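Okay, so here's the structure we're looking at.
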Amino acid sequence: MKNKNINSSCEINFIPLRNFLIIISILYGMIVFKEYKLNREFMIWNVFLAWIPFIISSYIYKIIQHKQKGKYIFIIFLLSFLWLIFYPNTIYLFTDLMHFSDHKFYIPNPNYGLKIGQSKILFNDNFDIWKDFFIMIIGAWLGYLLGFVSLYLNAQCVRKKFNDFISWIFVIIVSILSGFGIYIGRFIRLNSWDILNYNEILDILNNNINEKSIKFTILFSSLSMILYLMLYFLINIKKDK
């Protein structure tokens, strides 16, 4: 089965977008390695994790297009489960922006008081700080774009099977689960593959469903949903005209 099925059935132009994201990911990795003194190599790993749900969803979408997809129902459910586990990593990258706190973006103005109209505080023009800003922002957006496309493709699968309403319910549920996933990933420090330790996961769920986790889940799931809506309506502007 050819990849062109994705192009014909989905509003986004999948193949060029995939190739573009591959090129950007490679260039991004090269930049991060070149600027090794900034110690941001972990962003390469996080972007790699964001590629996993992207790849999984593309396979799910291709299987759904198959005329005999009923044969692959178990594979579809297995891939969907794996996708759901890894999807929160795509939004998790935005929480890495907290590492900006390592820098001082504001510095005292040495000329303050010497001239009228001088600001007491200046922006720090240390170029390394702004290179780090570039690396972190690009990495976070690259990871989320991979996540957006993967969620969009899966939502199209749900829409094809059911209807628009169910597909939006699917997006909302995924956003909520991802919000909680980001919480336990950032604060409990669990990884996607820790799901293999079933008993530990149950203990964590029992001990961490509280007011704090609910607040963070709402916050992160809102971020996920707002970003998805922004990009969704952006790519559908041409379609609606």
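Just so you know, we're using our numbering here: the sequence shown kicks off at 1211 and counts up by one.
Idealized CB from N, CA, C, for every residue including glycine.
Please read these numbers as outputs of a predicted model, since none were measured by experiment.
Query raised in the report: Hey, is the region 1388 to 1405 in contact with the region 1291 to 1302, meaning 3+ C-beta pairs nearer than 8 Å?
Result: By the criterion of at least three beta-carbon pairs nearer than 8 Å, the region 1388 to 1405 is in contact with the region 1291 to 1302.
Query - 6 Å Cβ shell around F1390 - same chain, five flanking residues per side excluded - result: Annotation for F1390: T1427 place their beta carbon closer than 6 Å to its own, counting only its chain and skipping 5 residues before and after.
Query raised in the report: Okay, do the region 1280 to 1287 and the region 1370 to 1385 touch, 3+ Cβ pairs below 8 Å being the bar?
Result: No: the two stretches stay apart, fewer than three of their Cβ pairs being nearer than 8 Å.
Query raised in the report: Touch check for the region 1228 to 1245 and the region 1342 to 1351: three-plus C-beta pairs under 8 Å?
Result: Yes, the region 1228 to 1245 is in contact with the region 1342 to 1351.
Requested in this report: To the nearest angstrom, report how far apart L1406 and L1361 are at their CA atoms.
Outcome: When the Cα atoms are used, L1406 and L1361 turn out to be separated by approximately 23 Å.
Query raised in the report: In terms of residue numbering, what span does the beta strand (DSSP E) encompassing L1332 cover?
Result: Unbroken beta strand (DSSP E) run through L1332: I1331 to F1333.
Report task. Report the rounded CA-to-CA distance for E1221 versus Y1442, giving the unit in angstroms. Result -> Confidence at E1221 is low in this model, with a pLDDT of 49, below 50, so the placement of that residue should be treated as unreliable; the coordinate-derived value is given next. Pairing E1221 with Y1442, the inter-Cα distance amounts to about 10 Å.
Requested in this report: Report buried or exposed for I1331, applying the criterion of at least 16 other Cβ atoms within 10 angstroms of its Cβ.
Outcome: A residue is called buried when at least 16 other Cβ atoms come within 10 angstroms of its Cβ; I1331 does not meet this threshold and is exposed.
Query raised in the report: So, helix, strand or coil for Y1271, using DSSP?
Result: Reduced to three states, the DSSP call for Y1271 is helix.
**Report entry** Where the alpha helix (DSSP H) through I1376 begins and ends
**Finding:** From DSSP, the alpha helix (DSSP H) with I1376 extends over D1374 to R1396.
Query raised in the report: Per DSSP, I1317 is paired with what?
Result: I1317 is bridged to L1332.
Query raised in the report: To which residues of the same chain is N1423 closer than 6 Å at the C-beta, ignoring the five residues directly before and after it?
Result: Just to set this straight, residue 1423 is Ser in the shown sequence, not Asn. The residues Y1393, in chain order, have a CB closer than 6 Å to that of S1423 in the same chain once the five nearest residues on each side in sequence are set aside.
Query raised in the report: Roughly how many angstroms lie between the CA atoms of F1372 and F1291, to the nearest whole one?
Result: Going by the C-alpha atoms only, they are around 19 Å apart.
Query raised in the report: Using a Cβ-Cβ cut-off of 7 Å (strictly less than) and excluding sequence neighbours within five positions of S1432, which residues of its own chain qualify?
Result: Taken in chain order, the list of residues that qualify is empty.
Query raised in the report: Do three or more CB pairs link the region 1254 to 1268 to the region 1309 to 1318 at distances below 8 Å?
Result: At 8 Å Cβ cutoff, the stretches do not touch.
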